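Working notes, structure below.
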Amino acid sequence: MHVDGNAIAGVLGFDVSVLKPTCGSCGRLGPFTEHHVYDTGPGIVVRCAGCGEITARLVRTDTEIWLDLSGSQSVRVPLPAEA
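Residue numbers (UniProt numbering): 1 to 83.
Okay, here's the thing in structure tokens:
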């Protein structure tokens, strides 16, 4: 069973809805919130909503956060509009 990408916001400490990963397997570009998050193990696995391949893995310890994005071709972070 999976949850959506919003589940990672608490672990990372910022709003992940702005992230747009490109899947390294199928090339799908989509909001992080559409990805499937599996968080029942010792770490978190994030899978592409299109093909199901792993796009990211995350482990949080007492001293650091380890984020593996090797399954993503790239991750886009939009800048806020200037006033």
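Glycine is no exception: its CB is placed at the ideal position from the N, C-alpha and C atoms. Predicted, not measured: the structure shown is a model, and the values here were computed from it.
Inter-residue spacing [alpha-carbon to alpha-carbon] between residue i and residue j
i	j	result
GLY43	HIS36	14 Å
LEU58	THR33	15 Å
GLY27	GLY41	27 Å
PRO31	PRO21	7 Å
ALA56	ALA49	12 Å
LEU67	ASP15	16 Å
Whether residue i touches residue j by CB criterion (8 Å)
i	j	result
VAL77	LEU69	no
ARG47	GLU53	yes
Where residue i falls, given that 16 or more other Cβ within 10 Å makes a residue buried
i	result
CYS23	buried
LEU29	exposed
Nearest residue (CA-CA) to residue i, options the options
i	options	result
SER25	CYS51, ILE65, LEU79	CYS51
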